[in-house]
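Chemist:
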Amino acid sequence: MAYSIDLGKCQEFFLPDFQATFDFGVSLGSSLSAGSVLLLEGDLGAGKTTLVQGIARGLGIDDFVLSPTFSIINEYLEGRIPLYHLDLYRLNSAEVESMFLELYWEGVEIIPGITAIEWPQRLSYKPDHFLHINLVHFNDGRQVFLTPY
Ligand code: ADP
Ligand code: MG
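For what it's worth, our numbering labels the leading residue of the sequence shown as 1370, then goes sequentially.
Structural data, given as structure tokens:
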């Protein structure tokens, strides 16, 4: 199913199962533009990585998107625009600060793309503009809350 998402508004959707989270990501991936930053919050198992797998599909990336929990950053360059998938779970704020992640959203020395960050609570600084995505366990599915900043 395709979701109609207005990226300029606060919105929420109920995602009943894995496929819904993936499809929601596909819809996001086909509408986002280069330079977008997504801050993905939610408990372990909330569906953050599933959503990014959908985004990759929406961008036309055929690679299987794995969780970057151990690699920290995975870059996918073969889609409509690049996807930079980060997971800061294993890092502390000082480590995150030393990584100069702003290079991703400023597009310095990289091709501007979509930067999707799991565990953005670890960021001590935020981009000027971003889409906050919060995934919350709800009944057997998830409720997703979108807030543009
Ligand atoms: P996270 O990256 O937030 O830790 P993952 O995407 O790795 O979460 O895992 C989420 C788990 O929940 C997976 O087992 C996935 O199949 C399942 N899942 C994803 N979305 C939903 C949903 N809307 N309803 C029920 N289960 C879901
Ligand atoms: Mg994850």
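For every residue, glycine included, the Cβ atom is placed at its ideal position computed from N, Cα and C.
#1: Compute the distance between the beta-carbons of S1402 and I1450, then report whether it is under 9 Å.
#2: Ends of the alpha helix (DSSP H) at R1426?
#3: Closest to L1435 by CA distance: which of K1417, E1447, G1429 is it?
#4: Which residue wins for smallest C-alpha separation from M1468, given the options S1493, V1421, P1385?
#5: State the Cα-Cα distance for the pair Q1512 and Y1453, rounded to the nearest angstrom.
#6: In the DSSP assignment, find the alpha helix (DSSP H) that holds Y1473 and state where it starts and stops.
#7: Confirm, please, whether the CB-CB distance from P1496 to L1376 is below 9 Å.
#8: On the premise that G1398 lies in contact with G1423, defined as a C-beta separation below 8 Å, what is that separation, rounded to the nearest angstrom?
#9: Sorry if obvious, but does the Cβ on F1514 come closer than 8 Å to a heavy atom of the ligand ADP?
#10: Less than 8 Å separating the Cβ of D1412 from some heavy atom of the ligand MG?
#11: Whole angstroms are fine: how far does the CA of G1411 sit from the CA of N1503?
#12: Following a CB-centred definition, is G1510 positioned closer than 8 Å to any heavy atom of the ligand ADP?
#13: Heavy atom of the ligand ADP less than 8 Å from the Cβ of F1439, yes or no?
#14: Give me the DSSP bridge partner(s) of P1517.
#15: Determine the contact status of I1480 and L1408, defining contact as a CB-CB distance below 9 Å.
Modeler: In brief:
#1: Going by C-beta atoms, S1402 is nearer than 9 Å to I1450.
#2: R1426 -> alpha helix (DSSP H) spans 1417-1427.
#3: The residue with the shortest Cα to Cα distance from L1435 is K1417.
#4: Ranked by Cα distance from M1468, the options S1493, V1421, P1385 are led by S1493.
#5: When rounded, the separation of the alpha-carbon atoms in Q1512 and Y1453 is 24 Å.
#6: Start and end: 1471-1475.
#7: In this structure, P1496 does not lie closer than 9 Å to L1376 by Cβ.
#8: Separation of the CB atoms of G1423 and G1398 is rounded to 6 Å, and the pair is thereby assigned contact status at 8 Å.
#9: The answer is no for F1514.
#10: Using a cutoff of 8 Å, the CB of D1412 does not count as near the ligand MG, since none of the ligand's heavy atoms is closer than that.
#11: Taking the straight line joining both Cα atoms gives about 6 Å.
#12: With a cutoff of 8 Å, G1510 counts as near the ligand ADP, since its C-beta is closer than that to a heavy atom of the ligand.
#13: Checking the Cβ of F1439 against the ligand ADP gives no.
#14: The secondary-structure analysis by DSSP pairs P1517 across a beta bridge with L1500.
#15: No, the Cβ-Cβ distance between I1480 and L1408 is not below 9 Å.
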